[in-house]
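Residue numbers (this note's numbering), protein chains in the order written: chain R, 1 to 120; chain X, 1001 to 1111.
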């Protein structure tokens, strides 16, 4: 079945960087865009950006421009999201989500989420 | 950015009764390609969000027909005809016309 499996929880200090991975299976990795969405504890959903795994093209939300980088390794069907200059407000669960088969802006499936904690 | 505003922020519903959630966008979501990029997601407790409705009114695969979406322009509604216990969670609307933004979420609980 189609699934996205993310890397495990991370604890980082302010100013550091974190990289979260998202391994795809059950479909052709290069055929659908991957998006990243985060959710602070008890808060709503915040879209961070997208990546086309075929071309490597990316688009980032303005809020994260300059701090986020989305990449991929097609040989292992894995997408990555790196966030730099971490601050406490970046503590959140980070999700990868695939472009759905029926609508480009709808996301399905989603990964299980990766908790990133930023603390000194 | 397009701002998405949901109301109410929470609702408590008796099983078998209907529920309705409103979502208003700060500008029209009708794209020049003729599509309206408005989506609904449900995040059940402890789970990742799941797609319910796409492009205003199309139910995603496997979504029960008690869920329906409607609206146009800037005003949209998600309706559940008869709420069941498994419908508990937080519902989000999302626009995809210009960048992507989510509403604040509406928490549905069972009475």
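Where is the CB? At the ideal position from N, CA and C, for every residue including glycine.
Please read all numbers here as calculations on a predicted model, not as lab measurements.
Assuming contact is defined by CB atoms lying nearer than 8 Å, are residue i and residue j in contact in what I supplied?
i: residue 110/R; j: residue 1049/X; result: yes
i: residue 1111/X; j: residue 1014/X; result: yes
i: residue 1053/X; j: residue 1026/X; result: no
i: residue 96/R; j: residue 3/R; result: no
i: residue 1023/X; j: residue 1089/X; result: no
i: residue 1091/X; j: residue 1101/X; result: no
i: residue 115/R; j: residue 16/R; result: no
i: residue 1070/X; j: residue 1061/X; result: no
i: residue 99/R; j: residue 32/R; result: yes
Can you tell me whether residue i is buried or exposed? The criterion is at least 16 other CB atoms within 10 Å of its CB, across all chains shown.
i: residue 35/R; result: buried
i: residue 975/X; result: Residue 975/X lies beyond the stretch modelled for chain X, which goes from 1001 to 1111, so this question has no answer here.
i: residue 108/R; result: buried
i: residue 1009/X; result: exposed
i: residue 21/R; result: buried
i: residue 53/R; result: buried
i: residue 30/R; result: exposed
i: residue 93/R; result: buried
Tell me, which residues are paired with residue i by DSSP?
i: residue 70/R; result: 81/R
i: residue 1067/X; result: 1080/X
i: residue 39/R; result: 93/R
i: residue 116/R; result: 10/R, 92/R
i: residue 1109/X; result: 1012/X
i: residue 23/R; result: 5/R, 78/R
Taking residue i as the query, report the chain B residues whose CB atoms sit under 8 Å from its CB, ordered along the chain.
i: residue 61/R; result: In summary, chain B is missing from the structure at hand, where the protein chains are R and X.
Along the segment 1046-1066 of chain X, where does the CB come closer than 9 Å to a CB of chain R? Name the residues.
1047, 1048, 1049, 1050, 1051, 1053, 1054, 1055, 1058, 1060, 1061
Name the residues in the segment 1080-1103 of chain X whose C-beta lies less than 9 Å from a C-beta of chain R; which are they?
1090, 1092, 1094, 1095, 1096, 1097, 1099, 1100, 1101, 1102, 1103
Which residues, taken in chain order from the segment 97-112 of chain R, show a beta carbon closer than 9 Å to some beta carbon of chain X?
97, 100, 101, 102, 103, 104, 105, 106, 107, 108, 109, 110, 111, 112
Relative to chain X, which residues along the segment 65-95 of chain R have a C-beta separation below 8 Å, given in chain order?
Listed in sequence order: 95.
So does the segment 1026-1041 of chain X actually touch the segment 67-83 of chain R, counting three or more Cβ pairs closer than 8 Å?
Here the segment 1026-1041 of chain X does not lie against the segment 67-83 of chain R, with fewer than 3 beta-carbon pairs under 8 Å apart.
Given 8 Å as the limit, is there contact between the segment 1075-1086 of chain X and the segment 36-51 of chain R, that is, 3 or more CB pairs closer than that?
no
Along the segment 31-45 of chain R, where does the CB come closer than 9 Å to a CB of chain X? Name the residues.
35, 37, 39, 43, 44, 45
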